[in-house]
Every structure is written in C-alpha cells, then in structure tokens.
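First up is the structure itself, then whatever we jot down about it.
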Amino acid sequence: MTQPARSCWRAAAALLLAFAGTALHAGPLDRPECVVPAKPGGGFDLTCRLAQSMLAATKAAGQPEMTLSYLPGGIGALAFDTFVRQRTADDNTIVAFSTGSLLNLAQGRFGARSENDVRWLAAIGADHGVIAVARNSPFRTLGELVQALRIRPNDIAFGAGGTIGSQDWVKAALLARAAGVSHKVIRFVAFEGGGDALKALEGGHVQVVAGDAAELTLHLAQHTGVRVLAVLSGQRLPGRLAAVPTAREQGFDIQWVTVRGFYMGRGVSDVAFRQWVDALERARGTPAFAARRAELGLAPFWATGPELDRFITDSMARYRRLAQEFQLPVR
C-alpha cells in the first residue's frame, strides 16, 4: 500500500471512530444521572427515584438506566454550588430540588447563589407536610401535642431534615404559633435529610418530626415505629396516609405544600435541555408514571418552561416574605 493510500486509510478509520463515538454518546441520556442533594431516604431521594422510573418506562433499547448519586451538604447547598461552579455544563445530569430549596435560597443559605444561577428543568409532583411522632408517643392527636407545647415547649424536641429556617423548621414554627408559643423557644434538632430525622424519632432522640408525606409514605412501607398525627393539606391524602386527619380537621389551619422537581447547570446546551424536557414529558404520558408517583406519596403537579419559571419567581417572592415574618435572614 502506497503512502497516500495509507494516509487515506488512517483518515477514514479516524472518521469512522469519531462517528462511532458520537453514536455511543449521542445526547444527554447516554449516561443519565440524578443527583440527590442529601443522604438516602428523604424527599430528594424519592424525587430522583421517580425520575429513574420515568426514564425506565420510555427508554430505547440499549439506553442505560439512570444512576442515582448522593451529594449531601447544607440541605442542598453543596450540590447547588457544585452545579454553579464545577458542573455547570453537565448535559447528562439533573439535580433534585424542592420548594424547600427555594426557601433556603431566599434566606441566602446557599451563599451568594440565587435562583438565576441554574436552569429549572421540571416540577413533577407535589408533597404535603406532616406532623409525626413515635408509635409509643403519649400524643395521640395534634390537639394533645399543641396543648403540651403550650404548657412545656422546652420539653419537646422537633427533628427535621434541615436547619433553622428550613421548610421543616417553618412547619414546626407554624405549629408553635398555633399553640400561642414563640417559634424562638421551640427546640429543634437538624438532620441532613428527612430519613435521618425519622430514624432519630424512632430512636427516641426527638419527640416530633415535621416532615413530608412522601418520605413518611416510603418510611412506613418498611418501618412501623412512626405514627402520623396530621397532614398539612387542604384535604385528606390518598394511599397509606388516607386515615390521617388534616390539621384543619383538628382545629388548626396549617397547610404546607412542597413541590418537587429538577434543575440543571446554567451552562447546559439548549439541545440537551430540550431533550431532557421531552424525555420527561413522554414519560409523563405513560400509565406507569401516575401509579409510581402515587406509590411514592406525591400528588399531581407539573410545570416546565415559562410556567415553571413563573412558579420559581412567585415562590421566591413568597418565601422572602415568609422569612421576614419569622425574623430570618433574607437575600
């Protein structure tokens, strides 16, 4: 073979390899990943598990299953910072968020970061707050717990996934307000995720958990040491918590809705972002999606594109007002 022929052969081989590489890594779903910005067992975890189920329901032959990775730290702060500074253009990866993440952003708990530093991909379900105690707790109703708070607020420790100012802390503060007690005197023990808080409740380290229905639904599927006193929703929830009365039914007008979804780095390509939206939209239309969402304890809620952007903007304004109301920092 002559030298020119060898050169042509090498060029052709290189071109074939390039095309092969493109086929093997064609788009953001060739190595799909969902980052859980907390430890396993909480609401962020179940959000990524729902995404995993959604992609599995519609994936093409040979497409790999979505992997879940855990990046705890600051109840979402570490993950947010990572995708602002280091993984801003990661087309393959989505990160779970909740409206609790927005509440933290509104208070500056993610440092100098703001809601404009990432791309909000989709909101795929709604969660509701719950007030739970250990199964052997002396509190049988929400009214009994409120009465105890009125008499001896310092004897009752609330556990939650998050620090002072987190959405779980706000639920506890709202309950203290209903009891006529200042939120500043309640005892609050912070954990890195709702899963750890529920373990502490079963272990007797805290007396109450202000958490979310979805994480309680998953927990109750495997554990029997927790009893839910109330759901913080407008009406009773379906599924495993169907027999639990609302706070309003028990005389306390306390509601808390948590929307769950995903964001991506600000530098992801428009093509990749659109592919993710399209993939989730396709999965949304499958019968398996609604069933899996209900199984995980989430209520219907869906938003993408401009609708989601408006929701983020409105939520941030609302949470900044709420932070001011409870004398919390506001950014």
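Residue numbering for the sequence shown follows the working numbering, beginning at 996 and increasing consecutively.
Note that the Cβ used here is the ideal one computed from N, Cα and C, for glycine as well.
#1: Output needed for Leu-1144: all residues of its chain with C-beta closer than 8 Å, excluding positions within five of it in sequence on either side, in chain order.
#2: Could you have a look at Glu-1139 and say whether DSSP puts it in helix, strand or coil?
#3: Considering Asp-1191, what are the terminal residues of the alpha helix (DSSP H) in which it resides?
#4: Give the DSSP-derived three-state secondary structure of Arg-1026 in the structure shown.
#5: Going by DSSP, which residues form a beta bridge with Phe-1257?
#6: Should Lys-1179 go down as buried or exposed, given a rule of 16 or more other Cβ atoms within 10 Å for buried?
#7: Would you check if the region 1271 to 1287 and the region 1131 to 1138 touch, i.e. whether three or more CB-CB distances between them fall below 8 Å?
#8: Quick one: what does DSSP say His-1123 is sitting in, helix, strand or coil?
#9: In three-state terms, what does DSSP make of Gly-1036?
#10: Go to Ser-1064, then tell me how far its alpha helix (DSSP H) extends in each direction, as first and last residue.
#11: My understanding is that Val-1201 touches Ala-1195, with C-beta atoms under 8 Å, so please give their C-beta distance in whole angstroms.
#12: Expressed to the nearest angstrom, what Euclidean distance is found between the alpha-carbon atoms of His-1123 and Val-1226?
#13: Please return the same chain residues whose Cβ sits closer than 6 Å to the Cβ of Pro-1324, not counting the five positions on each side in sequence.
#14: With C-beta atoms as the reference, is Gly-1190 less than 8 Å away from Gly-1234?
#15: Reducing DSSP to helix, strand and coil, say where Gly-1069 ends up.
#16: Which whole runs of the alpha helix (DSSP H) in the region 1197 to 1271 are 4 residues long or more, in chain order?
#17: Only counting the same chain, and skipping five residues up and downstream in sequence, which positions put a Cβ closer than 6 Å to that of His-1020?
#18: Report yes if the CB atom of Gln-1245 is closer than 8 Å to the CB atom of Gly-1229, and no otherwise.
#19: Look at the Cβ atom of Phe-1105, then the Cβ atom of Phe-1075, and state whether they are nearer than 8 Å.
#20: Residues in its own chain within less than 8 Å of Ile-1307 by CB, not counting five upstream and five downstream?
#21: For the putative contact between Arg-1243 and Ala-1237, defined by C-beta atoms under 8 Å, what is the C-beta separation to the nearest angstrom?
#22: Please classify Arg-1145: does DSSP put it in a helix, a strand, or coil?
#23: If we count the other Cβ atoms within 10 Å of its Cβ and call it buried at 16 or more, is Ala-1060 buried or exposed?
#24: Indicate whether Ala-1192 and Ala-1167 have their beta-carbon atoms separated by less than 8 Å.
#25: The beta strand (DSSP E) with Phe-1153 in it runs from where to where?
#26: Please look up how many angstroms separate the CB atoms of Val-1031 and Ser-1064, rounded, as I've assumed it's under 8 Å.
#27: Following the continuous beta strand (DSSP E) through Ala-1185, name the residue where it begins and the one where it ends.
#28: Quick check on the burial criterion: 16 or more other C-beta atoms within 10 angstroms. Buried or exposed for Gly-1199?
#29: Please state if the CB of Ala-1046 and the CB of Glu-1187 are separated by a distance shorter than 8 Å.
#30: Quick one: what's got a C-beta closer than 7 Å to Cys-1029's C-beta in the same chain, skipping five residues either side?
#31: Determine the burial state of Glu-1302: buried for a count of at least 16 other Cβ atoms within 10 Å of its Cβ, exposed for fewer.
#32: Starting from Ala-1129, follow its DSSP beta bridges and name the residues at the other end.
#33: Helix, strand or coil: which one does DSSP assign to Arg-1299?
#34: Can you look up Ala-1274 in the DSSP assignment and give me helix, strand or coil?
So, from the data block:
#1: Ile-1151, Leu-1170, Ala-1171, Ala-1174, Val-1176 and Ile-1181
#2: helix
#3: 1189 to 1197
#4: coil
#5: Ala-1091 and Ala-1117
#6: exposed
#7: no
#8: strand
#9: coil
#10: Unbroken run through Ser-1064 is the beta strand (DSSP E), 1062 to 1065; no alpha helix (DSSP H).
#11: 5 Å
#12: 7 Å
#13: Gln-1102 and Gly-1103
#14: no
#15: helix
#16: 1208 to 1215
#17: Because His-1020 carries a pLDDT of 41, less than 50, the predicted location of this residue cannot be relied on, and the following value inherits that uncertainty. If we look at His-1020 and ignore the five residues flanking it on each side, it has no Cβ neighbours.
#18: no
#19: yes
#20: Leu-1097, Glu-1110 and Trp-1115
#21: Not confirmed; about 16 Å, so no contact.
#22: helix
#23: At residue 1060 the sequence reads Glu, which differs from the Ala that was named. Glu-1060 should be labelled exposed.
#24: no
#25: 1152 to 1156
#26: 7 Å
#27: 1182 to 1186
#28: exposed
#29: no
#30: Cys-1043, Ala-1046, Gln-1047, Met-1061, Leu-1063, Ile-1089 and Ala-1091
#31: exposed
#32: Val-1221
#33: In the sequence on display, residue 1299 carries Thr and not Arg. Three-state result, Thr-1299: strand.
#34: helix
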